[in-house]
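What follows is a single structure, written as structure tokens, with notes after it.
Numbering (this note's numbering), first residue to last: 21 to 348.
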């Protein structure tokens, strides 16, 4: 009788190919959209460099953008500290080191593998891999914060439509509401969901079972940290817009930022330089409805990426090196 062991391997290999080519397709569409938009407005990347050269980097918005960068990642570290304490009690400093190491490793590795590995390898406990559940909950909290505020932004946007809600946006709104409802239900049933009666999952249960032990207070605190972090990098986005002379009414600005981060959250990630390109394409599409020139919005989003991702990654490389030294 033919062995069944090869069937899952073929299925897994086929799934990996589908996911890979899907990501390549989405990446191609994003890059093409950015290129076509710039070409349609008769601008090129040289215009972006011109905006960078002429920007006032000593202005108050630029200084505030810089000062909020450590606050951004400190809030992420605080969220991680709250959740990982079920595996190993750590200080805020140790949590920050783990977060930055994970950010650096996640810069190149697929999905959230690098981010999770960096955080777990920074722990000292022999049971560090049980922190996978903590990492999943941490990422889930940030996802829900983006969905929550993005749903509000989408609702405000739809309220100002002159006609009936567009079908696609209306469907998206109710899907987001359903997603949040399911998330709340999953949180309430977390003790049951972790221990699913599925035999092939039970062998891995110990790695995420920590998620079932969180109290309601811990989950609320973690979501609060995620929400504060969301508001922090949203404020950074606002300052980046000001640096390059993009001044819209408050409603349009807040709605636009919320929709951009919503798009970045729900669009499948490819982890090419930490999703570089997703925010840019989404921003050009969202702010384009208010006739914001493409080079200006591209300059703002790339600046945000440099401050919030690239700079912390360079710091995180030091902690990745420390991880290597400590595991030899």
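Note that the Cβ used here is the ideal one computed from N, Cα and C, for glycine as well.
- In this structure, residue 99 places its C-beta atom within 7 Å of the C-beta atom of residue 242.
- Distance from residue 125 to residue 340 at the Cβ level is roughly 6 Å; contact confirmed, criterion being Cβ atoms closer than 8 Å.
- Contact check for residue 283 against residue 307 fails: the beta carbons are separated by 7 Å or more.
- Cβ-Cβ distances below 8 Å link residue 248 to 95 in the same chain, with the five nearest sequence neighbours on each side left out; the list follows chain order.
- Taking 7 Å as the cut-off, the Cβ atoms of residue 104 and residue 151 count as close.
- With contact defined as three or more Cβ pairs closer than 8 Å, the stretch 187–194 and the stretch 261–278 are not in contact.
- If you ignore the 5 residues before and after residue 176, its C-beta comes within less than 6 Å of the C-beta of 275, all in its own chain and listed in chain order.
- Ranked by Cα distance from residue 146, the first of 230, 108, 265 is 108.
- Per DSSP, residue 173 is one residue of the alpha helix (DSSP H) stretching across 152–179.
- For residue 146, no alpha helix (DSSP H) segment is defined, and its DSSP state is neither H nor E.
- Here residue 79 is exposed: its Cβ has fewer than 16 other Cβ atoms, across all protein chains shown, within 10 Å.
- Boundaries cannot be given for residue 231, as no alpha helix (DSSP H) includes it and DSSP labels it neither H nor E.
- In the three-state scheme derived from DSSP, where H, G and I count as helix and E and B as strand, residue 76 is classed as coil.
- Rounded to the nearest angstrom, the gap between the Cα atoms of residue 140 and residue 214 is 20 Å.
- Classified as buried, residue 259 has 16 or more neighbouring CB atoms from the shown chains inside 10 Å of its CB.
- No residue range can be given for residue 127, since it is assigned to no alpha helix (DSSP H) and is classified by DSSP as neither H nor E.
- Of 337, 327, 333, the smallest CA-CA separation from residue 85 is found for 327.
- Nearest C-alpha to residue 158 among 174, 119, 173: 119.
- For residue 285 against residue 167, the beta-carbon gap comes to about 6 Å, under 8 Å, which counts as contact.
- With a contact defined as Cβ atoms closer than 8 Å, residue 136 and residue 153 miss out at about 10 Å.
- Non-local beta-carbon contacts of residue 228 in its own chain, meaning distances under 7 Å to residues more than five positions away in sequence, involve 152, 153, 156, 214 in chain order.
- For residue 316, the number of other beta carbons within 10 angstroms of its own is at least 16, and it is reported as buried.
- For residue 148, the closest alpha carbon among the candidates 226, 239, 333, 262 is that of 226.
- Every unbroken stretch of the alpha helix (DSSP H) spanning 4 or more residues and falling wholly within the stretch 94–129 is given here in chain order: 112–126.
- Around the CB of residue 106, 16 or more other CB atoms lie within 10 Å, so the residue is classed as buried.
- For residue 235, the closest C-alpha among the options 255, 209, 252 is that of 209.
- In this structure, DSSP gives residue 265 a state outside helix and strand, which the three-state scheme calls coil.
- Around the CB of residue 299, 16 or more other CB atoms lie within 10 Å, so the residue is classed as buried.
- A distance below 6 Å between beta-carbons, with the five flanking residues on each side excluded, links residue 116 to the following residues of its chain, in chain order: 97.
- Ranked by Cα distance from residue 178, the first of 160, 271, 87 is 271.
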